Amino acid sequence: MDIIQIAGFLGCGKTTLLLTIASILSEDHGQKVAMVVNELGEVVVDGKILEQSGIKVKEISGGCICCQVASSFAATLSFLASEFKPDLVLVEPTGVAIPSQVKDVVRMFGTSKVEAGPAMVLFDSSRSEELLDDERMGVLVKIQLKGADFVIISKADMVDQAQLEECKEAIIKEIPQLQKARFIEVSVVNRTGVNEVIDVILHR
Ligand SMILES: Nc1nc2c(ncn2[C@@H]2O[C@H](COP(=O)(O)OP(=O)(O)OP(=O)(O)O)[C@@H](O)[C@H]2O)c(=O)[nH]1
Ligand SMILES: [Mg+2]
């Protein structure tokens, strides 16, 4: 049971992408999918509707799964592994969570059945400068990106191709270790890049 993170700063499009890929993985690829959604505010995922299509949804609130509520996260994973037995678990951490810490929690509490899979970190192309340059936000956004196995440049429909390239260059300039990382441009609105994300998950 691989734990795949759909992470990234507040409002970057995590839930929207998560719901899109969960249903494609389940309906078109026959994957048994579970979702763990960790929201800071109110939960926006309608679990009942998703469960009709065989997707198990677990919600965790009251803090971040990478720190305050790490033990609830671990208990949820162990429940899923023993009771639901999914092929994969898609996890949406809060927008202020640190992906590498979420992986640490999985590794710490994981068993041979529960493994830390890739972290996909979304970066909102429509707020590129603000996200990287803001004194406080920028620090967290860069820490989040450092933990990325794949960088998803989200909301690609809101900017042009040149801006998408600039986004990628700006990220690599700030975090040179991402030079070799795979970047995927995604627009859930236009459905571009979504299949690439699915491919990465299926062939992980
Ligand atoms: N234009 C456009 N808007 C998008 C896209 N993906 C998400 N959005 C919008 O961006 C806003 C935030 O999306 P969410 O999916 O809720 O973002 P999130 O990262 O889950 O937000 P938090 O959980 O609050 O951190 C919503 O209004 C979405 O409709 C996209 O590909 N293109
Ligand atoms: Mg969300």
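Residue 1001 is where the sequence shown starts when you use our numbering, and the numbers rise one by one after that.
For glycine and all other residues, C-beta sits at the position ideal for the given N, C-alpha and C.
Quantities reported herein were computed from a predicted structural model and do not represent experimental measurements.
Sequence-distant partners of Val-1044 (beyond 5 residues in either direction) whose C-beta falls short of 7 Å from its own C-beta, in its chain, are Thr-1015.
In the structure shown, Thr-1020 adopts helical secondary structure according to DSSP, grouped into three states. Val-1121 is positioned such that its CB atom lies no closer than 9 Å to that of Leu-1132. The beta carbon of Pro-1086 is closer than 7 Å to those of Met-1001, Lys-1032, Val-1033, Ala-1034, Lys-1056 and Leu-1080 in its chain, skipping five residues each way along the sequence.
Here the alpha carbons of Lys-1180 and Gly-1054 stand approximately 36 Å from one another. Secondary structure note for Val-1194: its alpha helix (DSSP H) is the uninterrupted segment 1194-1202. For ligand 2, a non-hydrogen atom lies closer than 8 Å to the CB of Val-1044.
With contacts defined as CB atoms closer than 9 Å, Phe-1183 and Lys-1168 qualify as a contacting pair. For Lys-1014, the distance from the CB to the nearest heavy atom of ligand 2 is below 8 Å. Between ligand 1 and Phe-1123, a heavy atom-to-CB distance of less than 8 Å is absent. In the three-state DSSP reduction, Phe-1183 falls in the strand class (E or B). With contact defined as three or more Cβ pairs closer than 8 Å, the segment 1093-1110 and the segment 1139-1157 are in contact.
Relative to Val-1091, the option among Glu-1051, Lys-1113, His-1029 and Lys-1058 whose CA is nearest is Lys-1058. Residue nearest to Cys-1012 within the set Phe-1123, Gly-1138, Met-1158 and Ile-1201 is Phe-1123 (criterion: CA-CA distance). Look at Glu-1169: its beta carbon is at least 8 Å from all of the heavy atoms in ligand 1. As far as DSSP is concerned, Asn-1190 takes part in no beta bridge.
Using a Cβ distance threshold of 9 Å, Ala-1075 and Ile-1004 do not count as a contacting pair. Arg-1127 counts as buried, since no fewer than 16 other beta carbons sit within 10 angstroms of its beta carbon. Under the DSSP assignment, Ala-1156 falls outside any alpha helix (DSSP H); it carries neither an H nor an E label. Rounded to the nearest angstrom, the Cβ distance from Ser-1125 to Gln-1163 is 7 Å, consistent with a contact under 8 Å.
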